[in-house]
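In the numbering used here, the protein residues as written are 942 to 1144.
Ideal Cβ placement from N, Cα and C applies to all residues, glycine included.
Working notes, beginning with the structure itself.
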Amino acid sequence: MRFLFGLRFLALGLAAVSSAACSIKRVSRIDPAAVTDLSGNWNDVDSRIVASELITQSLAAPWARQYADAHNGQAPTLVIGDVRNRTYEHIAVGTFVRDLERAYVNSGIVRVVASKEERAGVREERADQQSNAAPETRVRQAREQGAQFMLQGDVQEIIDGAGREQVRFYQIDATLVDLESNAKVWVGQHKIKKYVQRRRLTP
């Protein structure tokens, strides 16, 4: 009886060791710019491609130049609105939105003001200063820079699959709207299509 108990204990111990060994992961650092596509889902490479394409399209369009020509060379001011993920995937739209925002600011052609969510925190700090900061250091109220244009957009997805094969199609649309007239001054679009072939599972 003791012998059988010992065998069971030994078997449980070996199983625990085997399980622990299988759970060990290998982690290595890679270049953030490296192209990696493991699942076929939306990833950082797609985000970079979309940002690059939309930046190129937007800054090449005449809307900013036309505004500057009509306002004594003044650069237009833009605010980032909603960019909605209309797919069933988790897509961090904020990554390529931030790339767009950075490109606008660094271009010197467009000024960008804080988004609705960001303004809430800034206004809270400004209000706090009115009560707690020294008069010579507190900022003034009602001096915000108004935006003339708002960037909006969405990401949509179509998946077609059969057996071990699948095609994933993403369409990213971006629209720049004149806040005073509601006129669309620029419409950008980029499409990504991926063919995914799953490996056959071997017994």
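In chain order, what residues of the same chain have a beta carbon less than 7 Å from the beta carbon of residue i, not counting five sequence neighbours either side?
i: Glu994; result: His1131
i: Asp1095; result: Val1024, Arg1025, Arg1027 and Asp1114
i: Val1038; result: Ile1021 and Val1024
How about residue i and residue j: are their beta carbons less than 7 Å apart?
i: Pro1017; j: Val1063; result: no
i: Gln1086; j: Val1054; result: yes
i: Ala1088; j: Leu1019; result: yes
i: Thr1036; j: Ser999; result: no
i: Gln1097; j: Gln1112; result: yes
i: Gln1070; j: Arg1079; result: yes
i: Glu1030; j: Trp983; result: yes
i: Leu1092; j: Leu1120; result: no
i: Asp1040; j: Ala1075; result: no
Return the CA-CA distance between residue i and residue j, expressed in angstroms with no decimal places.
i: Ala1001; j: Arg1140; result: 42 Å
i: Val1034; j: Ile1021; result: 12 Å
i: Thr997; j: Ser1048; result: 11 Å
i: Ala1005; j: Gln1015; result: 10 Å
i: Phe946; j: Val968; result: Here the model assigns Phe946 a pLDDT of 47, short of 50, so the residue's position is not dependable, and the following value carries that caveat. Cα to Cα, Phe946 sits roughly 39 Å from Val968.
i: Ala1009; j: Val1128; result: 19 Å
i: Ala1011; j: Ala1124; result: 16 Å
i: Gln1082; j: Glu1058; result: 18 Å
i: Ser1122; j: Ile1032; result: 31 Å
i: Gln1007; j: Asn1013; result: 11 Å
i: Pro1003; j: Glu1066; result: 37 Å
i: Asp985; j: Arg1060; result: 28 Å
i: Ile990; j: Arg970; result: 22 Å
i: Lys966; j: Phe1090; result: 48 Å
DSSP on residue i, reduced to helix/strand/coil?
i: Lys1125; result: strand
i: Arg1140; result: coil
i: Leu948; result: Unreliable placement is indicated for Leu948, whose pLDDT of 47 sits below 50; the coordinate value is still reported in the next sentence. Helix.
i: Arg989; result: helix
i: Arg967; result: coil
i: Glu994; result: helix
i: Gln1097; result: strand
i: Ala1016; result: coil
i: Leu1000; result: helix
i: Arg1006; result: helix
With a threshold of 6 Å on Cβ separation, who are the neighbours of residue i within its own chain once the five nearest residues in sequence on each side are excluded?
i: Arg1109; result: Gly981, Ile1100 and Lys1135
i: Asn1073; result: none
i: Phe944; result: Because Phe944 sits at a pLDDT of 46, beneath the cut-off of 50, its placement in the model cannot be relied upon, and the point is left open.
i: Ser1056; result: Ile1021
i: Glu1077; result: none
i: Ile1133; result: Asp987 and Tyr1111
Please return the same chain residues whose Cβ sits closer than 8 Å to the Cβ of residue i, not counting the five positions on each side in sequence.
i: Val1046; result: Arg1052 and Val1053
i: Arg1105; result: Gln1138, Arg1139, Arg1140 and Arg1141
i: Ala1103; result: none
Does chain D have any CB closer than 7 Å to the CB of residue i?
i: Pro1076; result: In the displayed structure, chain D is absent; only one protein chain is listed.
Should residue i be listed as close to the ligand FMN, given that the test is whether its C-beta is under 6 Å from any heavy atom?
i: Ser980; result: The ligand FMN is not part of this structure, which contains no ligands at all.
Practice task
Please specify which runs of the alpha helix (DSSP H), each continuous and at least 4 residues long, are wholly inside the stretch 1034-1094, giving them in chain order.
Solution key: With a minimum length of 4 residues, the continuous alpha helix (DSSP H) runs that stay inside the stretch 1034-1094 are 1034-1048 and 1057-1073.
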